[in-house]
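Enquirer: Below is a structure I'd like to ask you about.
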Amino acid sequence: MVDSTPPALLRAIRSEAERLRHPLEHAQAERLGRLLQLLSHWAQRIRLTGSADSEQLVRRHLADALMLAAALPLQRTQHCLDVGSGGGLPALPTAVLRPELEITLVEPQQRKCAFLRTAIHALALEGCRVLQQRLEQASLGPINVAWSLATFSPDEWLRRALPLLAPGGLAVAFVVRPEVVAAPPAGLVLCATHRYTLADDTPRALLVLRREEAADARD
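Sequential numbering from 755 applies to the sequence shown in this note's numbering.
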């Protein structure tokens with residue numbers, strides 16, 4: 755694990771954060787750089803992302819984590835769930851930006867879990883834990899916030915997320931257009947839509963849906 759982030763990578767990280775109007779402290783940018791370099795190193799040996807270039811990772815993936823970290827509530831007792839964690843995007847950058855969160859990363863593949871545990875240890879992300887299981891096998895307590903990126907279709911993800919959430923908990927869906935989710939499942943109510951673009955102008959939206967307090971009575 756490298757001890758510092760190259761200046762070019764730091765500039766790319768800061769530029770992406772400023773583009774999305776979420777400026778970073780130096781220590782945050784430095785830790786994100788260390789994470790992306792570690793991800794780049796591992797991605798040369800196992801398939802974790804589409805690109806193993808750290809600056810490409812910034813352009814293709816950092817926006818999701820920046821938007822997610824900004825959208826999450828500020829309570830300190832948030833138990834979050836990332837399903838299909840893969841290379842740790844967006845969960846690990848979100849943990850860097852929001853270290854007070856408790857994040858469970860669910861990933862069935864052993865080699866990807868090895869990377870996730872290595873990164874968590876290297877960056878001292880004390881609020882993170884990894885479960886090497888499929889979602890349906892995982893033993894989870896009530897979840898305050900759950901998200902999944904590119905593992906399920908948005909509609910399927912929301913159906914799966916609903917029973918995992920505590921009453922009042924949040925399900926987050928990443929979509930190209932908000933209209934992709936025609937109608938959320940009964941028990942989930944859309945409470946926020948955050949539109950943004952990736953660095954190449956690909957449109958994206960982050961949908962935040964709240965589980966109604968009475969949803970458990972209808973499950």
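Yeah, the Cβ is synthetic: ideal placement off N, Cα and C, and Gly gets one too. All values derive from a computational prediction rather than experimental measurement.
#1: Whole angstroms are fine: how far does the CA of residue 947 sit from the CA of residue 839?
#2: Using DSSP with H/G/I as helix, E/B as strand and the rest coil, what is residue 815?
#3: Please report how far the alpha carbon of residue 918 lies from the alpha carbon of residue 906, in whole angstroms.
#4: Whole angstroms are fine: how far does the CA of residue 872 sit from the CA of residue 959?
#5: DSSP state of residue 734, grouped into three classes?
#6: Can you list, in chain order, the residues of its chain whose CB lies under 7 Å from that of residue 789, leaving out five sequence neighbours each side?
#7: Counting only runs that start and end within the stretch 861-946, where is the alpha helix (DSSP H) found for 4 or more residues in a row?
#8: Rounded to the nearest angstrom, how far is the Cβ of residue 800 from that of residue 865, given a contact under 8 Å?
#9: Apply the 10 Å Cβ neighbour rule to residue 761 and answer buried if 16 or more other Cβ atoms are within range, or exposed otherwise.
#10: Using a Cβ-Cβ cut-off of 7 Å (strictly less than) and excluding sequence neighbours within five positions of residue 938, which residues of its own chain qualify?
#11: Quick one: what does DSSP say residue 785 is sitting in, helix, strand or coil?
#12: Pull up the distance between the alpha-carbon of residue 971 and that of residue 783, whole angstroms please.
#13: If we ignore side chains and look at the alpha-carbon of each, how far apart do residue 885 and residue 965 end up?
#14: What's the call for residue 780, buried or exposed, on a 16-neighbour Cβ count within 10 Å?
#15: Give a yes or no on whether the C-beta atoms belonging to residue 763 and residue 808 are separated by under 8 Å.
#16: Return the first residue and the last residue of the alpha helix (DSSP H) that residue 765 is part of.
Expert: The answer reads as follows:
#1: For the pair residue 839 and residue 947, the Cα-to-Cα distance works out to about 23 Å.
#2: If DSSP states are grouped into helix, strand and coil, residue 815 belongs with the helices.
#3: Pairing residue 918 with residue 906, the inter-Cα distance amounts to about 15 Å.
#4: Between residue 959 and residue 872, the C-alpha separation is close to 30 Å.
#5: In the structure as shown, the chain starts at 755 and stops at 973, and residue 734 therefore has no counterpart that could be examined.
#6: The beta carbon of residue 789 lies closer than 7 Å to those of 846, 847, 850, 873 and 877 in the same chain, with the five residues before and after it left out.
#7: With a minimum length of 4 residues, the continuous alpha helix (DSSP H) runs that stay inside the stretch 861-946 are 864-876 and 908-915.
#8: Between the beta-carbon of residue 800 and that of residue 865 there is about 5 Å, and that keeps the pair under the 8 Å contact cut.
#9: Exposed, because fewer than 16 other Cβ atoms sit within 10 Å of the Cβ of residue 761.
#10: The residues are 912, 944 and 963.
#11: Helix at residue 785.
#12: At residue 971, the pLDDT of 45 sits below 50, so the modelled position is not reliable; the number obtained from the coordinates is stated separately. One C-alpha to the other measures close to 44 Å.
#13: Rounded to the nearest angstrom, the two C-alpha atoms are 24 Å apart.
#14: Exposed: under 16 other Cβ atoms inside 10 Å.
#15: Yes. Within cutoff.
#16: That run of the alpha helix (DSSP H) goes 761-773.
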